[in-house]
Amino acid sequence: MTPPPPQPPPPDSNPASDSATAPRPGPGPLVVLFGATAGAMGPDLGSDETDLILLVWQVVKPLSRQVGTLHKSLVRAEAAALSPQCREASGLSADSLARAEPLDKVLQQFSQLVSGDVALLGGGPYMLCTDGQQLLRQVLHPEASRKNLVLPDTFFSFYDLRREFHVQHPSVRPARELTVATMAQDLGLETDATEDDFGVWEVKTMVAVILHLLEGPSGQLFSKAEVVKQKYETGPCSKADVVDSETVVRARGLPWQSSDQDVARFFKGLNIARGGVALCLNAQGRRNGEALIRFVDSEQRDLALQRHKHHMGVRYIEVYKATGEEFVKIAGGTSLEVARFLSREDQVILRLRGLPFSAGPADVLGFLGPECPVTGGADGLLFVRHPDGRPTGDAFALFACEELAQAALRRHKGILGKRYIELFRSTAAEVQQVLNRYASSPLLPTLTAPLLPIPFPLAAGTGRDCVRLRGLPYTATIEDILSFLGEAAADIRPHGVHMVLNQQGRPSGDAFIQMTSAERALAAAQRCHKKVMKERYVEVVPCSTEEMSRVLMGGTLGRSGMSPPPCKLPCLSPPTYATFQATPTLIPAETAALYPSSALLPAARVPAAPTPVAYYPGPATQLYMNYTAYYPSPPVSPTTVGYLTTPSAALASASTSVLSQPGALVRMQGVPYTAGMKDLLSIFQAYQLAPDDYTSLMPVGDPSRTVLQAPKEWVCL
């Protein structure tokens, strides 16, 4: 029944004297809502991913202290099995739930009945009020997302009765420890102890608590509603940002094709910070099934941890705590170009992979076509490049809406030029990671200290007495290079062939040759440039020793100039080794006696005036050198590349001095056969080994192995 409208005061009345008895402004109609699932209850409500089975609600108008009809509705659950706790508390059975309406029908009835009750109480916009946040954030929103249901707008804002109680009574107990029973007890309210209908007692008690709270100072009560974000907002993150570790979680086990929107949907009901989803990439730049998620506050993070082993499709997702530093490391960036690219809000990001190196903005826009225009045209494209400016074949594109992005994804594996192009959904964090990785090449971690002592450093100089071979077949050997150079091979310095390997230890197609003079290097380049080796033409260009050293240390040398290496690594191997022609001072007699005469390499095969050169470093502890950076190969003995095997007597003598020190020996088992010394040293990078200690890595195993056939066990001294 609608109450009569308030009558205006008589003309002779004093408004000031009636202000004490006039009703204070307060909230509009409140819909007090209670719900239960087939599983956990209380603070763990929704943590076990079970379906909703019960909704109980009642409308109350605080200003007039009027209440509407109390309603109770069962909800059909897909998995009708009830937990013992739920069965005991509710008294429901699987048969009664099987006859109930599905969730979408119950929500329609809820909206109709609430609208009718609010109209009877005078109308106006209404707001939900719940006991805690679990019912809406952990139950209704996730279940509606799983069942592809669209919730009404009224379910995206609500009042938390526990928080409102804590505003007026902050010293009683923390808000998260409050329950309906404790709030009524703290206020001294008398409740109906005979009410045994599950959910009805809770709603009646919540209504009594609300009316009692409004009797006190209610200036701040029901003034700030809790909001559930309807859409995840993308945005950039800077390396300078400070992220609270109490707001970050790590999700593990994601499908590799999942996007940031899929992650946000998994955490539906919880408020993720703007740009707060960072998909992690592996060393090859591909997604590894993990993501870091940043929430707006610690309470949202705690609710997210309760979704541990909830499902995304058929996969369960593990959720763990993470730190703010981890999030900034993955999602943060420093590039102004990337910041400008990501500054446009509400954009869908796609990643294009496999572009021709010659492709420009016009080519990419033409490939996508007019049916899926890029936001801002060429300004909406971001090409990924190496530090020296060379293209990587990757690019990112912005689209204004989901429909345009879907149209662009239909071009997946379309042809541009002679290459097919892959298109994937991407995120702002992935853009930052990809750009950061290429900007800090190489991808694999490198050491800042020299891997090995350098008894024979490269002579610095700007004279162009070297040549660079670019475009070699990956199967090319040293003999192939000598045959390719022809007569120019006679002008190669001893041990002057350096084949460059990539970060995976495989041939990169490049090699450096040290010639006897700059004139010889220029003549070799003019004679051999673009000659064919194994159906591939090879570029031969002169370069200096300094440029060669930069590349061998991890830098780049391209048409746009020379870029320094990412760290100041000295050259890992000398270009020339000491030759000895009956010079006993280079090799002590007692050390040389440990090796058989067959270990010495044959004489150099140089066309003119061959000189006997032994491929043998001086100290015995330097026999095992790292090949992961580049491959020094002596042209004088191309068929016998490889270091000599350490004799057992030498190994025993080297170990004796170290084993005498307690705790100085570490044995590593299960090392891959392809692991080099650089891989082993990267494990101990955090321990800051002294340069002298790097020479103490000794392989243990078959004595007939060489370094190029590394053993599976190593001893670190």
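Here the sequence shown is numbered in my numbering, starting from 147 and rising by one per residue. All residues carry an ideal CB built from backbone N, CA and C; glycine is no exception.
Legend entry - Residue from R211, T183, R233 whose Cα sits closest to the Cα of E224: Sorting R211, T183, R233 by C-alpha distance to the C-alpha of E224 places T183 at the top.
Inset, instruction - Please work out which residues of its chain come closer than 6 Å, Cβ to Cβ, to L581, disregarding the five sequence neighbours upstream and downstream, and give them in chain order. - result: Result list for L581: S481, V484, in chain order.
Inset, instruction - Please go through the same chain and pick out, in chain order, the residues whose beta-carbon is closer than 7 Å to the beta-carbon of R682, but skip the five residues on each side of it. - result: Counting only Cβ-Cβ distances below 7 Å, and skipping sequence neighbours, we find G617, P619.
Inset, instruction - Measure the beta-carbon distance from S444 to A371 and round it to whole angstroms, keeping in mind my assumption that it falls under 8 Å. - result: For a cut-off of 8 Å, the C-beta gap from S444 to A371 is around 20 Å, too long to register as a contact.
Legend entry - Segment contact, 8 Å Cβ cut-off, at least three pairs: the region 457-467 with the region 394-403: Per the Cβ contact rule, the region 457-467 is in contact with the region 394-403 (3 or more Cβ pairs under 8 Å).
Legend entry - S558, DSSP secondary structure in three states: In the sequence on display, residue 558 carries His and not Ser. Looking at H558 - three-state DSSP - the assignment turns out to be coil, as it is neither helix nor strand.
Inset, instruction - With DSSP collapsed to three states, give me the class of V530. - result: In the three-state reduction of the DSSP assignment, V530 falls in the strand class.
Legend entry - Residue environment, E625, which counts as buried when at least 16 other CB atoms sit within 10 Å: Its Cβ having fewer than 16 others within 10 Å, E625 is exposed.
Legend entry - Classification of K207 by the beta-carbon crowding that lies within 10 angstroms, buried from 16 upward: Buried, since its Cβ has 16 or more Cβ neighbours within 10 Å.
Inset, instruction - Examine the ligand SAM and report whether any of its heavy atoms sits within less than 6 Å of the Cβ of L615. - result: Among the components of this structure there are no ligands whatsoever, and the ligand SAM is therefore not found.
Legend entry - Rounded straight-line distance, which links the Cα of L562 to that of P765: Caution is warranted here: a pLDDT of 35 is assigned to P765, below 50, making its placement in the model unreliable, and no coordinate value can be reported.
Legend entry - Close Cβ partners of L359 (< 7 Å) along its chain, the five nearest in sequence each way excluded: Same-chain partners within the cutoff: E310, F311, Q314, L367.
Legend entry - Segment contact, 8 Å Cβ cut-off, at least three pairs: the region 630-641 with the region 652-667: Contact between the region 630-641 and the region 652-667 is present, because at least three Cβ pairs lie under 8 Å.
Inset, instruction - Note down the Cα distance separating G334 from C383, rounded to an integer number of angstroms. - result: Going from the Cα of G334 to the Cα of C383 covers about 50 Å.
Inset, instruction - Find out if the Cβ-Cβ distance for the pair R440, V394 is shorter than 7 Å. - result: The answer is yes: Cβ separation under 7 Å.
Legend entry - P503 burial status per 10 Å Cβ neighbour count (16 or more: buried): It is worth fixing the name first, because residue 503 is Phe in this sequence and not Pro. Around the beta carbon of F503, fewer than 16 other beta carbons sit within 10 angstroms, so the residue counts as exposed.
Inset, instruction - Round the Cβ separation of G609 and S695 to the nearest angstrom and send it over; I've been treating them as touching at under 8 Å. - result: Not really, about 13 Å apart at Cβ, beyond 8 Å.
Inset, instruction - Note down, one range per segment and in chain order, each beta strand (DSSP E) of at least 3 residues found wholly within the region 370-453. - result: Segments of the beta strand (DSSP E) lying fully in the region 370-453: 394-398, 418-427, 433-441.
Inset, instruction - Specify the secondary structure class of C674 as computed by DSSP and reduced to three states. - result: Helix.
Inset, instruction - From the DSSP output, in three-state form, read off S242 for me. - result: In the structure shown, S242 sits in a helix (DSSP, three-state: H, G or I).
Legend entry - From G651, S229, F413, residue whose alpha carbon lies closest to that of G822: Considering only alpha carbons, the answer is G651.
Legend entry - Rounded straight-line distance, which links the Cα of L496 to that of A573: Reading off the sequence, residue 573 comes out as Thr, not Ala. The alpha-carbon atoms of T573 and L496 are separated by roughly 8 Å.
Inset, instruction - Would you mind stating whether V613 and V686 have Cβ atoms separated by less than 7 Å? - result: Their beta carbons are under 7 Å apart, which means V613 touches V686 by this criterion.
Legend entry - Inter-stretch contact at 8 Å, needing at least 3 Cβ pairs: the region 174-191 / the region 281-288: These segments touch.
Legend entry - Best match in Q672, R499, Y378 for proximity to G415 [C-alpha to C-alpha]: Out of Q672, R499, Y378, Y378 has the C-alpha closest to the C-alpha of G415.
Inset, instruction - Report all residues from its chain with a CB closer than 6 Å to the CB of V442; omit the five preceding and five following residues, and keep chain order. - result: For V442, same chain residues with a beta-carbon under 6 Å away, outside a window of 5 residues either side, are N417, A419 in chain order.
Inset, instruction - Identify every residue that forms a DSSP beta bridge with A657. - result: Bridge partners of A657 according to DSSP: L615, M645.
Inset, instruction - Indicate the three-state DSSP secondary structure (helix, strand or coil) for E464 in the structure shown. - result: Annotated three-state conformation of E464 is strand, per DSSP.
Inset, instruction - Report the residue from L488, D448, A546 whose alpha carbon sits nearest the alpha carbon of Q125. - result: Because residue 125 is not part of the residues shown, which for the chain are 147 to 863, the question remains open.
Inset, instruction - Name, in chain order, the residues that DSSP records as bridge partners for L823. - result: Checking the sequence, you will find Met at residue 823 rather than Leu. Under DSSP, M823 shares a beta bridge with no residue.
Inset, instruction - Please report the residue range of the beta strand (DSSP E) in which V812 lies. - result: First-last of the beta strand (DSSP E) with V812: 812-814.
Legend entry - 4-residue-minimum alpha helix (DSSP H) runs that sit fully inside the region 272-335, ordered along the chain: Segments of the alpha helix (DSSP H) lying fully in the region 272-335: 287-292, 307-314, 326-333.
Inset, instruction - For T351, I'd like the list of residues in its chain whose CB is within less than 7 Å of its CB, leaving aside the five on either flank, ordered along the chain. - result: Here the set comprises V326, A330, T337.
Inset, instruction - Could you check what DSSP says for F503 in three-state terms: helix, strand or coil? - result: Under the three-state reduction of DSSP, F503 is assigned to coil, being neither helix nor strand.
Legend entry - Exposed unless 16 or more other CB atoms sit within 10 angstroms - verdict on E633: Around the beta carbon of E633, fewer than 16 other beta carbons sit within 10 angstroms, so the residue counts as exposed.
Legend entry - Local Cβ density within 10 Å of Q452, reported as buried at 16 or more and exposed below that: Residue burial is scored here from C-beta neighbours: Q452 has at least 16 other C-beta atoms within 10 angstroms and is therefore classed as buried.
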